[in-house]
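Remarks on the structure that follows.
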Amino acid sequence: MSARARVIVWPLAGLATAALLWAGCAPIRVPSHDQLFEIPQGTFARRMKGDKVEILPSQIRLTLGLNDVLLLRNLDDVPQVFGPTILMPGQSFRLPFEKASSYNFACTAHASGQMTILVEDEPVMPWSKIHWRLRELWENRKK
Amino acid sequence: MLLGVWFTAAQAAVPASASAALKAGVLSPVMPAPALSLAGSDGKPVSLERFRGKVMLVAFGFSNCGEVCPITLATLAGARRKLGADAADVQIVYVTVDPERDDAAQMKKFLGSFDPTFVGGVGTRAQIDAATTRWGISSVRKTNADGSYSIGHSSSIYLVDRKGGLRAVMPYGHPADDFVHDLKILLRE
Chain A
1 MSARARVIVW PLAGLATAAL LWAGCAPIRV PSHDQLFEIP QGTFARRMKG
51 DKVEILPSQI RLTLGLNDVL LLRNLDDVPQ VFGPTILMPG QSFRLPFEKA
101 SSYNFACTAH ASGQMTILVE DEPVMPWSKI HWRLRELWEN RKK
Chain B
144 MLLGVWFTAA QAAVPASASA ALKAGVLSPV MPAPALSLAG SDGKPVSLER
194 FRGKVMLVAF GFSNCGEVCP ITLATLAGAR RKLGADAADV QIVYVTVDPE
244 RDDAAQMKKF LGSFDPTFVG GVGTRAQIDA ATTRWGISSV RKTNADGSYS
294 IGHSSSIYLV DRKGGLRAVM PYGHPADDFV HDLKILLRE
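In order, the protein sequences belong to chains A and B. The C-terminal position of the first sequence is numbered 143 in the working numbering, with every residue numbered one higher than the one before it. The C-terminal position of the second sequence is numbered 332 in the working numbering, with every residue numbered one higher than the one before it.
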């Protein structure tokens with residue numbers, strides 16, 4: 001390796017190592033434990049016109065200690081069956097989770113009639129923290 | 144029908160109270176629980192008004208259910224036992240989603256095997272459909288190979304406070320201790 005290449009490669013390797021160390025060791029901080037899903041105003045009207053409106057994904061992934069509260073909010077003008085409950089206009093539903101598991105709910109908002117909430121353990125080990133951060137980056141890339 | 148439910152609820156909405164500590168999912172603001180107008184497995188009508196002043200746990204299922212309902216009912220019976228004397232102020236109402244097979248006698252026998260104080264809600268297909276629509280309950284009939292059928296249904300348990308407000312929804316699978324925890328909070332109000 002030439003001296004010029006070393007000048008580029010070594011700092012980059014150092015940066016990558018530092019990033020990995022940070023991602024694996026630094027505590028994960030989140031602004032809120034709530035994972036919010038909202039039914040926008042006008043959803044019912046859009047459905048009545050034939051639009052296929054999907055608000056709630058058929059599978060939701062939550063992580064204990066980080067985002068472990070499902071928060072559903074109905075901003076529409078009519079009641080909506082949303083996940084495990086019926087929500088009146090302006091009403092919200094806050095469901096905390098304390099155990100890692102897969103929870104299945106009947107949900108008429110989905111074609112399958114089912115909604116799954118996958119609750120995972122809090123990432124404690126370095127690799128699990130790195131995995132969690134990478135997945136968050138990937139899943140939030142379009143937000 | 145849902146619009147009708149909303150108008151009724153909106154007119155009588157009550158302010159939210161501090162129920163954030165519940166293990167169940169909390170509804171905010173608190174609104175009156177949807178109406179129930181059914182026959183009871185104990186021979187008396189089943190309505191919210193009949194049990195006003197008690198904390199109600201309302202759930203939906205059917206007596207031929209082989210998986211979810213027996214576990215739910217055993218859990219609720221266990222919670223009542225753990226509450227001791229306080230259980231006198233708790234009423235479990237189990238509404239059938241299978242009116243073709245569940246009449247009052249069948250529900251009484253089924254529920255009585257878990258706890259004789261449980262009251263079943265029964266009625267005609269139209270009455271049951273009206274109740275499940277108001278409560279946002281889904282139920283899907285599945286025919287088995289031998290011609291018999293089962294029913295997939297919403298399995299959450301609804302917590303109604305002493306004033307008739309629908310306060311919270313406990314998803315299926317929570318242990319009896321979680322119900323005891325939440326019931327104690329609601330009973331103190």
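We treat Cβ as the ideally placed atom computed from N, Cα and C, and that holds for glycine.
- Is residue 21 (chain A) near the ligand NAP, with its Cβ less than 7 Å from a heavy atom? By its list of ligands, the structure shown contains no ligand whatsoever, and the ligand NAP lies outside what it can speak to.
- Message: At the level of alpha carbons, what is the spacing between residue 330 (chain B) and residue 233 (chain B)?
- Response: Locating residue 330 (chain B) in the second sequence gives position 187, where the first residue counts as 1. Locating residue 233 (chain B) in the second sequence gives position 90, where the first residue counts as 1. Computed Cα separation, rounded: 8 Å.
- Message: Check for me: the alpha helix (DSSP H) holding residue 48 (chain A) runs from which residue to which?
- Response: Within the first sequence, the letter at position 48 stands for residue 48 (chain A). 43 to 48 is the extent of the alpha helix (DSSP H) around residue 48 (chain A).
- Count the other C-beta atoms from every protein chain shown that fall within 10 angstroms of the C-beta of residue 140 (chain A), then say buried if there are 16 or more, exposed otherwise. For the purposes of this step, residue 140 (chain A) is identified with residue 140 of the first sequence, where counting begins at 1. With fewer than 16 other Cβ atoms within 10 Å, it is exposed.
- Answer with yes or no whether the minimum CB distance from residue 88 (chain A) to chain B is below 8 Å. Position 88 of the first sequence holds residue 88 (chain A). Answer yes: the Cβ-Cβ gap between residue 88 (chain A) and chain B drops below 8 Å somewhere.
- Task: Compare the C-alpha of residue 97 (chain A) against each of A:5, A:41, A:118 and A:73 and name the closest.
- Result: As a first step, residue 97 (chain A) must be located in the first sequence, where it is residue number 97. Looking at the Cα atoms, A:118 is the closest of the given residues.
- Message: Ignoring anything shorter than 4 residues, give me the alpha helix (DSSP H) runs that lie fully in the stretch 229 to 304 of chain B, in order along the chain.
- Response: 247 to 255 and 268 to 278
- Message: Based on DSSP bridge pairs, tell me the residues matched to residue 7 (chain A).
- Response: Sequence index remark: in the first sequence, residue 7 (chain A) carries index 7 (1-based). BP columns for residue 7 (chain A) are empty, so no partner.
- Using 8 Å as the threshold, is the stretch 226 to 245 of chain B in touch with the stretch 198 to 206 of chain B, meaning 3 or more CB pairs across them? yes
- Does any CB atom of chain B fall closer than 8 Å to the CB of residue 81 (chain A)? In the first sequence, the residue the question calls residue 81 (chain A) occupies position 81. Yes, contact with chain B.
- Terminal residues of the continuous beta strand (DSSP E) containing residue 331 (chain B)? For the purposes of this step, residue 331 (chain B) is taken as residue 188 along the second sequence, with counting starting at 1. Here residue 331 (chain B) belongs to no beta strand (DSSP E); instead the alpha helix (DSSP H) covers 319 to 331.
- Message: I'd like to confirm the pairing. Which residues does DSSP put opposite residue 309 (chain B) in its beta bridges?
- Response: As a position in the second sequence, residue 309 (chain B) is number 166, starting the count at 1. Residue 309 (chain B) is bridged to B:174 and B:303.
- With 16 other CB atoms within 10 Å as the buried threshold, where does residue 30 (chain A) fall? The residue given as residue 30 (chain A) occupies position 30 in the first sequence. Classification of residue 30 (chain A): exposed, given that the 10 Å Cβ count is below 16.
- Message: With distance defined between alpha-carbon atoms, name the residue in A:9, A:25, A:48 and A:3 nearest to residue 132 (chain A).
- Response: Reading the first sequence from its first residue, position 132 is the one you call residue 132 (chain A). If we check each option's Cα against that of residue 132 (chain A), A:25 comes out closest.
- Task: Quick one: list the residues of chain B neighbouring residue 41 (chain A), beta-carbon separation under 8 Å, in chain order.
- Result: Mapped onto the first sequence, residue 41 (chain A) falls at position 41. Going along chain B, no residue has its Cβ under 8 Å from residue 41 (chain A), so there is no contact; the nearest lies around 14 Å.
- Comparing alpha-carbon positions, which option in B:307, B:324, B:299 and B:190 lies nearest residue 215 (chain B)? For the purposes of this step, residue 215 (chain B) is identified with residue 72 of the second sequence, where counting begins at 1. It is B:299 whose Cα lies nearest to the Cα of residue 215 (chain B).
- Beta-carbon proximity of residue 76 (chain A) to residue 40 (chain A), cut-off 8 Å: Locating residue 76 (chain A) in the first sequence gives position 76, counting from the first residue. Locating residue 40 (chain A) in the first sequence gives position 40, counting from the first residue. Yes, they are a contact pair.
- List the residues of chain A that residue 168 (chain B) touches, going by C-beta distances under 8 Å, in chain order. As a working note, residue 168 (chain B) is residue 25 in the second sequence. Near residue 168 (chain B) (Cβ distances below 8 Å), the residues of chain A are 70, 84, 85, 93, 94, 95 and 96.
- Please decide whether residue 279 (chain B) counts as near chain A, where near means a Cβ-Cβ distance under 8 Å. Indexing the second sequence from 1 puts residue 279 (chain B) at position 136. At least one chain A Cβ lies under 8 Å of residue 279 (chain B).
- Task: Check each candidate in B:174, B:164 and B:291 and name the one with the smallest Cα separation from residue 306 (chain B).
- Result: For the purposes of this step, residue 306 (chain B) is taken as residue 163 along the second sequence, with counting starting at 1. When only C-alpha atoms are compared, the closest one is B:174.
- Paired residues, beta bridge with residue 55 (chain A) - DSSP: Numbered from 1 along the first sequence, position 55 holds the residue referred to as residue 55 (chain A). Paired residues: none, contrary to the question.
- Would residue 251 (chain B) pass as a contact of residue 266 (chain B) if the rule is Cβ separation under 8 Å? Numbered from 1 along the second sequence, position 108 holds the residue referred to as residue 251 (chain B). Numbered from 1 along the second sequence, position 123 holds the residue referred to as residue 266 (chain B). It is not a contact, given that the beta carbons lie outside the stated cut-off.
- Taking only beta carbons into account, state which residues of the stretch 167 to 197 of chain B come closer than 7 Å to chain A, listed in chain order. 168, 169, 170, 171, 172 and 174
- Item | Same chain only: Cβ atoms within 8 Å of residue 292 (chain B), ignoring 5 sequence neighbours per side | If you number the second sequence from 1, residue 292 (chain B) lands on position 149. Correct list, in chain order: 284, 285 and 286.
- Query: What is the rounded straight-line gap between the Cα of residue 181 (chain B) and the Cα of residue 270 (chain B)?
  - Reply: If you number the second sequence from 1, residue 181 (chain B) lands on position 38. If you number the second sequence from 1, residue 270 (chain B) lands on position 127. About 7 Å.
- Message: Cutting at 8 Å between CB atoms, please list the residues of its own chain near residue 309 (chain B), excluding the five before and the five after it.
- Response: Numbered from 1 along the second sequence, position 166 holds the residue referred to as residue 309 (chain B). These residues qualify, in order along the chain: 170, 173, 174, 175, 176, 177, 301, 302 and 303.
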